[in-house]
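The sequence shown begins at 4 in the working numbering and counts up one residue at a time.
Right, one structure below, let's go through it.
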Amino acid sequence: MWFEQHDGQPAFIVPPIKQLGQGPSGVAYYPGTGQLPDRYENHFFYCDYKGNGGVFSFSVKAKGAGFEYVEDKDKEFFWKNQATDMVFGVDGAAYASVWVSGIQKTGKGRIYRIADPKMKDDPAALETKNLILNGIEKHSNNELANLLEHRDLRVRQAAQFALAEKGAATVPLFVRTLKSQNQLARLHAIWGLGQIAREIAFAGMTGPERDTNLAKPWDEKTLEELLPLASDTDAEVVAQAAKIVGDGRLAKGQDSFITLLKHDNLRVRFFAAYALGKLGNSDAVSPLCAMLAQNADTDAFVRHAGVMALYAIAAKYPELVLAKSTDTSDAVRMAVLLVLRRMEDPRIALFLKDKNPQLVLEAARAINDVPIAGAFSDLAALTSVPNERKEKEKKPSGFSFKAEFWENVQERAYKDFIESAKFKTAKPDKEETYGVFETPNDRADHYGARVSGILTPSVTGLYSFWIAVDDWGELFLSSDENPGNKKRIAETHAPQWCKPREWYKYPNQQSSPQTLQAGKRYYIEA
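Right, dumping it as structure tokens:
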């Protein structure tokens, strides 16, 4: 369920971009200058804490409203150690902490300094070092504004914070920077204006008072400086401006946010949707649903933003959101379902009768998992079997599956076996026919098997499949009765040894839900 986005994944999940390492361990980002080669620009470093692990590098690139993992060709940055964390020092070198002797409490540890000797006297790294050590906040306002364009993230961020701490007096400098040709400087200017707007609004409040006034609008005059960015040509600038104006709950941004729901860039749509949710106006319901319908559940992050916006609006206008439960778009109805899940509202039971089996499954999952006790009786009603189906179940299934066996397999790896001439070209040593999709337990040692046949479901719906094998296996399902159209839907791989019918030992044993039509023939193979 919690893997990267895939077909059949529960819709309430915001999928991870990538599952990384063993963890929990540290993550660092190359700040832009230092004693590492230029190839590490815009790279992350992850401490993969395990026996023969270490620190590996990776990057990301934009994909829809989120990002996509990009694996480094030479990703083993600092390898074969039990690194627990990594940071970049003021001198530009990377520093990694290593836990000596694993999880045993030896009282020992090491700090490693990692740097490219050729970068020791790199001018950019030395400049960054001097700026940080001498105190960036000591520079004049104009100098701080210029430092917003600096190559190093630490310098840019320190300059932003130093300017923002001076309050409304530095707003003109940030506004001037919004017109820069440097994208990073513009982004820091947007965030800096957001800091000032927030601090003006919360001035004089204690910490607890701020915590109880999180929805308080920020300073309107400061935020208005960001409104023209809604038509900017840089999509990331538009996205970040929408985020800050939305966080500040600037009512004047409403029309811009609604327009941005149709922006070509999905990150812009994402932040515009969130902004509309924070404003909480009822007239945003239909535009948000139009965005969700166009997205058609293809981008999980856009869907999530739309759901969260509708959820926020439903706090004031629940009936307006619930009215969209009969929308013609599956994606809109799914969004309403997910809102009701978050509200723990028993009216989610309405979707147990939806025409889309995926929504029925999602509603059932919500009622069971949250749980939503008020909808238990509706969920239980789904377990009753119609009389005609009961009659069919009394009859023999009529299924027939062919089982093929290859004896005395010498290959130790599954891949080697299925690529062998014995499997590809030779006939099996034995063939049998079964009425169930299963082979006998403890049949023999060192053998390979293939079971195949045709499934014909009697009821249209979503079906999940499992495989339990000792210890390599794949489960395939075709979109029809043609074996040539088969696709792998579940698998096990060494050393994933399973007992007979031990279906839930590993997550990869289970397929995503498969939509099958009543009376249609499907080829299945394991």
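Backbone N, C-alpha and C define an ideal beta-carbon position, used for all residues, glycine too.
If you're wondering where the values come from, they're calculated on a predicted model, not measured in any experiment.
Shown here, tryptophan 194 sits in a helix according to DSSP, grouped into three states.
As for any alpha helix (DSSP H) of minimum length 4 sitting wholly inside the region 299-362, the runs are 303-317, 321-325, 333-346, ordered along the chain. For methionine 89, the pairing in a beta bridge is given by DSSP as Ala99. Pairing alanine 416 with glutamate 477 gives a Cβ-Cβ distance that is not under 8 Å. When Glu434, Ala471, Val454 are compared, the shortest CA-CA separation from glutamate 494 is found for Ala471. If one requires a minimum length of 3 residues, the beta strand (DSSP E) runs lying completely within the region 399-448 are 404-409, 433-437, in chain order. Using a Cβ-Cβ distance cut-off of 8 Å, the region 231-246 and the region 203-216 are not in contact, since fewer than three pairs of beta carbons, one from each stretch, lie closer than that value. For serine 259, the three-state secondary structure derived from DSSP is helix.
When only Cα atoms are considered, proline 321 and leucine 364 end up about 23 Å apart. Phenylalanine 468 sits in coil when the DSSP states are folded into three classes, being neither helix nor strand. If only uninterrupted alpha helix (DSSP H) runs of at least 4 residues are considered, those enclosed by the region 211-286 are 223-226, 238-250, 257-263, 269-282. The region 7-38 contains, as complete beta strand (DSSP E) runs of 3+ residues, the segments 30-32 (chain order). A direct Cα-Cα distance of roughly 24 Å separates valine 241 from proline 34. Looking at the DSSP output, glycine 456 bridges to Phe404, Ile527.
Non-local C-beta neighbours of methionine 122 in its own chain, meaning closer than 6 Å and more than five positions away in sequence, comprise Gln38, ordered along the chain.
When only Cα atoms are considered, aspartate 258 and aspartate 286 end up about 10 Å apart.
The way I'd put it, the region 18-26 doesn't touch the region 101-110; fewer than three beta-carbon pairs between them come closer than 8 Å. In the three-state scheme derived from DSSP, where H, G and I count as helix and E and B as strand, threonine 180 is classed as helix. It is roughly 16 Å from the alpha-carbon of arginine 524 to the alpha-carbon of valine 454. Excluding the 5 residues flanking it on each side, histidine 191 has same chain C-beta neighbours closer than 6 Å at Leu151, Arg159, Gln163, in chain order.
The C-beta separation of glutamate 414 from serine 423 comes to about 6 Å, placing the pair in contact by the 8 Å criterion.
The beta carbon of threonine 463 is closer than 6 Å to those of Gln520, Ala521 in its chain, skipping five residues each way along the sequence.
Each of Phe379, Gly11, Lys281, Lys265 was checked against the Cα of valine 248, and the nearest Cα belongs to Lys281.
Rounded to the nearest whole angstrom, the CA to CA distance from valine 439 to leucine 458 is 11 Å.
In the same chain as isoleucine 117, and ignoring 5 residues on each side of it, the C-beta atoms closer than 7 Å to its own belong to Phe81, Ala96, Ala97, Ala99, in chain order.
Residue pairing for lysine 490: DSSP places it in a beta bridge opposite Leu480. For serine 380, the enclosing alpha helix (DSSP H) covers residues 379-384.
Pairing tryptophan 469 with tryptophan 506 gives a Cβ-Cβ distance under 8 Å. Looking only at Ile193, Glu168, Gly69, the smallest Cα-Cα distance to arginine 179 is reached by Ile193.
Residue state for isoleucine 375 is assigned as coil, using DSSP reduced to three classes. Separation of proline 486 and phenylalanine 59 (C-alpha to C-alpha, rounded to the nearest whole angstrom) is 41 Å.
Of the other Cβ atoms in all chains shown, 16 or more fall within 10 Å of the Cβ of glycine 451; this residue is therefore buried. Under DSSP, tyrosine 115 shares a beta bridge with Ala99. For the pair alanine 338 and arginine 345, the Cα-to-Cα distance works out to about 11 Å. When DSSP states are grouped into helix, strand and coil, lysine 76 belongs to the strand group.
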